[in-house]
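**Student:** After the structure tokens below, expect a handful of questions from me.
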Amino acid sequence: MININEPKLNIPLKEKDLSKTYFYLGTGTCGLGAGAGETLKVIKKYIADKKLNAEVLEVGCIGFCTAEPIMEVQLPGKNRLAFKRITHEKVNQVLDGIFNAQPDFDQTLFQMQSASQSQKWNNVPMINEHPFFAPQTRLVLKNCGIIDPTSIEEYATNGGYKAIAKTVSNYTPVEVCDIVEKSGLRGRGGGGFLTGKKWKFAQGTAADQKYLVCNADEGDPGAFMDRAVIEGDPHRLLEGIAIAAYGIGATKAYIYIRAEYPLAIKRLEEAIAQAKSYGLLGENILNSGFELNIIIKKGAGAFVCGEETALIHSIEGKRGMPRPRPPYPAVQGLFNHPTVINNVETLANLPEIIEKGAEFFSAIGTATSKGTKVFALSGKVKNTGLIEVAMGTTIREIIFNVGGGIEHDKKFKGVQMGGPSGGCIPNSHVDIQIDYESLKTVGAMMGSGGMVVMDEDTCMVDVAKFFMDFIQRESCGKCIPCREGTRRMLEILKAITRSHRNETHNQALERFKGIMNLQRLANVIKDTSLCGLGQTAPNPVLSTLRWFRDEYEAHIYERKCPAGVCVELLHYRIDEEKCKGCTLCAKKCPVDAIKGVRKAPHYVIQEKCIGCGNCKQVCPFDAVIVE
């Protein structure tokens with residue numbers, strides 16, 4: 007065993023046996039959801055049946071979720087070779103091929119250099135040449151899907167915990183705050199406040215106890231960055247927490263994580279135990295006199311607990327509700343003591359900043375937004391997954407280079423950024439750079455990193471309704487503008503997508519009255535809500551109104567959904583030339599809205615049609631037309 011040559015750090019390196027075959031399987035949540043659990047069983051059986059000198063290592067998500075389950079094989083003397091979508095029934099065939107020196111190149115993704123002398127595979131791109139990975143700059147995700155997340159020794163082999171050793175050996179807490187501020191790192195949880203500056207408020211506040219809180223709650227729909235980072239590289243987060251706690255003078259840290267992340271919680275518990283065993287947590291860390299204990303606090307998945315003061319209340323055992331600020335948490339936070347709250351990505355950047363220097367980090371990105379940003383790329387895009395790009399990368403580069411373009415080669419309509427608190431960016435601004443300030447100019451925000459891509463078949467009014475429904479249900483109810491205003495906005499959006507057939511009495515008049523007040527109501531909520539979540543709640547509506555007003559007008563004035571999504575606004579008619587009079591549609595209509603005789607064209611009575619779509623589903627001649 008060799009020890010890391012870093013002052014006070016004594017973790018044995020985990021060296022590979024070059025005569026052994028290694029299997030790597032992505033068993034993060036996304037991999038398991040794609041069937042990696044069954045794949046793992048077949049791999050182990052294959053090894054046993056063939057009596058191979060081999061070892062199976064379970065790794066986290068490498069980010070290319072659309073290709074899961076991803077299996078990698080490292081033969082002695084050869085590069086590590088990755089295969090895509092290896093479900094259990096494909097394992098034997100793929101492994102037989104590689105052991106017979108005839109790998110199935112249709113299934114290969116990329117290869118990685120395994121050792122300095124390892125041989126390349128022909129006709130397989132290196133990972134940094136693959137279209138999904140080539141445009142990325144991976145700092146936070148550098149180990150995810152590469153190393154065994156349950157092994158502190160493997161983390162150390164890849165340079166782990168050198169940064170905390172360097173921190174406690176070479177720098178004072180004030181100097182650590184200066185380095186982080188000089189790097190230009192801004193909070194990756196949404197607000198984008200300078201991290202080092204935030205720390206200095208807490209560092210400069212006299213108190214007998216200070217706290218650091220890691221916000222891993224991740225409540226945005228379409229966001230899974232924190233989960234994947236923790237599942238794939240938990241020690242990186244712990245090292246970042248230790249650096250931050252040292253910088254602000256905290257001796258206790260909380261990781262606030264939703265209980266719906268059982269695998270991430272398990273990995274954290276294992277990592278904390280391992281770090282303690284090597285003296286990297288607990289009392290007198292690395293003989294420096296620095297003390298830190300980390301507590302995992304499980305949340306119940308309330309979206310409002312992503313707000314700092316609501317999160318603090320939840321940790322204290324109270325109902326998760328925001329409070330007015332000031333005082334800010336950095337001055338008076340958890341249990342009335344100075345508290346710094348950073349999210350997972352912010353903290354995971356710290357080891358790289360300390361190890362390589364503030365100048366290294368600040369050289370990446372734009373003038374006001376430094377470093378990289380992790381995004382959860384989802385929706386109508388070919389390559390869904392977790393990506394990390396340098397600040398300043400354009401949305402076009404992300405969607406059409408990393409993401410591979412729109413699914414089924416349809417037209418790009420827009421992308422929702424920042425979750426429910428963010429906004430939609432239309433095709434006309436697809437060349438905008440990822441930058442805190444730039445995104446605000448088009449009504450969006452960085453947020454925690456959710457990026458949902460939409461194509462021509464997406465109804466933007468329906469998107470606004472979806473997010474408003476989410477926000478309304480997740481509102482804590484403390485302040486009237488958010489509690490009542492979001493409910494009223496949702497009612498208006500539902501009225502916009504309602505058919506006149508389903509209106510009674512004065513509802514048509516009330517519908518227009520609500521529509522006329524929609525934007526004014528959104529601005530009132532934005533100006534008067536108590537917390538940041540309430541203040542940003544109208545953003546999905548305001549941004550879609552700004553960029554997709556024509557779709558709203560079609561819904562309002564013509565009672566039509568151009569994308570054909572809003573069920574109540576769909577109109578069904580029967581093409582007389584295609585209809586053969588089979589009567590199936592008439593038999594399946596629940597309101598007797600289809601008339602006609604056998605072997606003669608049928609027709610729809612529009613006044614009776616409820617838009618259920620049964621006729622479309624059963625027609626064998628594709629004669630039912632939806633408009």
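Heads up, the sequence shown is in the numbering used here, so the first residue is 7 and it goes up one at a time. Glycine included, each C-beta is placed from N, C-alpha and C at the ideal position.
1) Using DSSP with H/G/I as helix, E/B as strand and the rest coil, what is residue 190?
2) Under 8 angstroms, with one C-beta from each stretch per pair, do the segment 114-121 and the segment 75-88 reach the 3-pair mark?
3) From the DSSP secondary-structure annotation, give me the bridge partner or partners of residue 376.
4) Within 10 angstroms of the Cβ of residue 17, are there 16 or more other Cβ atoms? Answer buried if so, exposed if not.
5) Check whether the segment 239-250 and the segment 368-381 touch, using three or more Cβ-Cβ pairs below 8 angstroms as the test.
6) Does the distance from the C-beta atom of residue 151 to that of residue 43 stay below 8 angstroms?
7) Could you give the uninterrupted runs of the alpha helix (DSSP H) lying entirely in the segment 403-476, keeping only those of 4 residues or more?
8) List the endpoints of the continuous alpha helix (DSSP H) containing residue 620.
9) Given this structure, state the Cα-to-Cα distance separating residue 420 from residue 461, to the nearest angstrom.
10) When the distance is taken between beta carbons, is residue 191 closer than 8 angstroms to residue 376?
11) Among residues of its own chain, excluding the 5 on either side of residue 316, which ones have a beta-carbon nearer than 6 angstroms to its beta-carbon?
12) Go ahead and label residue 199 buried or exposed: buried means 16 or more other beta carbons lie within 10 angstroms of its beta carbon, across all protein chains shown.
13) Can you find the residues in the same chain that come closer than 6 angstroms, C-beta to C-beta, to residue 426, ignoring five residues on each side of it along the sequence?
14) Answer yes or no: do residue 27 and residue 58 have a C-beta to C-beta separation smaller than 8 angstroms?
15) Around the Cβ of residue 479, are there at least 16 other Cβ atoms within 10 angstroms (buried) or fewer (exposed)?
16) Measuring straight from C-alpha to C-alpha, what distance separates residue 215 and residue 346?
17) Can you tell which of 468, 36, 539, 586 has the C-alpha that lies nearest to the C-alpha of residue 74?
18) Mind checking who residue 393 pairs with in its DSSP beta bridge?
19) Which word fits residue 441, buried or exposed, when buried means at least 16 other C-beta atoms lie within 10 angstroms of its C-beta?
20) Tell me the rounded alpha-carbon separation between residue 411 and residue 238.
21) Helix, strand or coil, according to DSSP, for residue 533 in the structure here?
22) Check residue 611 in the structure and name its three-state DSSP category.
23) Kindly identify the DSSP beta-bridge partner or partners of residue 220.
24) Taking only the alpha-carbon atoms, compute the straight-line gap between residue 494 and residue 342 and give it to the nearest angstrom.
25) Answer yes or no: do residue 213 and residue 236 have a C-beta to C-beta separation smaller than 8 angstroms?
26) With DSSP as the reference, please indicate the residues paired to residue 266 in a beta bridge.
27) Taking all protein chains shown into account, decide if residue 559 is buried (16 or more other Cβ within 10 angstroms of its Cβ) or exposed.
28) Among 592, 127, 579, 273, which has the Cα closest to the Cα of residue 155?
29) For the alpha helix (DSSP H) that residue 163 lies in, which residues bound it at each end?
30) Taking 7 angstroms as the limit between beta carbons, can you name the residues of its chain near residue 453, skipping five residues before and five after?
31) Check the DSSP bridge columns for residue 89 and list the partner residues they point to.
32) Please classify residue 237: does DSSP put it in a helix, a strand, or coil?
33) Would you kindly check if the distance between the Cβ of residue 352 and the Cβ of residue 201 is under 8 angstroms?
34) State the DSSP-derived secondary structure class of residue 605, mapped to helix, strand or coil.
35) Using the Cα positions of residue 162 and residue 241, report the straight-line distance between them to the nearest angstrom.
36) Roughly how many angstroms separate the alpha carbons of residue 129 and residue 78, rounded to a whole number?
**Tutor:** Taking the structure as given:
1) coil
2) Enough Cβ pairs lie closer than 8 angstroms, so yes.
3) Note: residue 376 is bridge-paired with 371 in the DSSP secondary-structure output.
4) buried
5) no
6) Judged by beta-carbon spacing, residue 43 lies beyond the 8 angstroms limit of residue 151, meaning their Cβ atoms are not closer than that value.
7) 442-447
8) 620-624
9) 7 angstroms
10) yes
11) These residues qualify, in order along the chain: 310, 326, 327, 328.
12) exposed
13) 473, 476, 477
14) Yes; because the gap between Cβ atoms is below 8 angstroms, this pair is in contact.
15) exposed
16) 12 angstroms
17) 36
18) 381
19) buried
20) Per the coordinates, the alpha-carbon of residue 411 lies some 27 angstroms from the alpha-carbon of residue 238.
21) Helix, per DSSP.
22) coil
23) 261, 348
24) Distance from the CA of residue 494 to the CA of residue 342, rounded to the nearest whole angstrom, comes to 36 angstroms.
25) Between residue 213 and residue 236, the CB-CB gap reaches or exceeds 8 angstroms.
26) None; residue 266 has no bridge partner.
27) exposed
28) Nearest Cα to residue 155 within the set 592, 127, 579, 273: 273.
29) 158-163
30) 196, 226, 423, 424, 425, 427, 428
31) 77, 114
32) helix
33) yes
34) coil
35) Going by the C-alpha atoms only, they are around 9 angstroms apart.
36) 16 angstroms
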